[in-house]
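K.L.:
In this note's numbering, the protein residues as written are 54 to 121.
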């Protein structure tokens, strides 16, 4: 049971493996590279600003004296 493998098939497999390796390298770089400038120094820019949600609105049905 011998299979004749031409140079075209070998070239195609090498291209597929090369593209897969390139994709893995890009994924590793995206996962481990810093996403923002790390040279900001102490007290640098914040990535996210945290805010507390607003309290219940005045006249909310759940807190009105007429609810029940």
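All C-beta atoms in this analysis are idealised placements derived from N, C-alpha and C, irrespective of residue type, glycine included.
1. Give the DSSP-derived three-state secondary structure of residue 102 in the structure shown.
2. Would DSSP call residue 83 helix, strand or coil?
3. So, helix, strand or coil for residue 61, using DSSP?
P.N.:
According to the structure shown:
1. Here residue 102 refers to the residue found at position 49 of the chain shown. In the structure shown, residue 102 sits in coil (DSSP, three-state: anything other than H, G, I, E or B).
2. Position 30 of the chain shown, counted from the first residue, corresponds to residue 83. Residue state, collapsed to three classes: helix.
3. Residue mapping note: residue 61 aligns to position 8 of the chain shown, counting from 1. If DSSP states are grouped into helix, strand and coil, residue 61 belongs with the helices.
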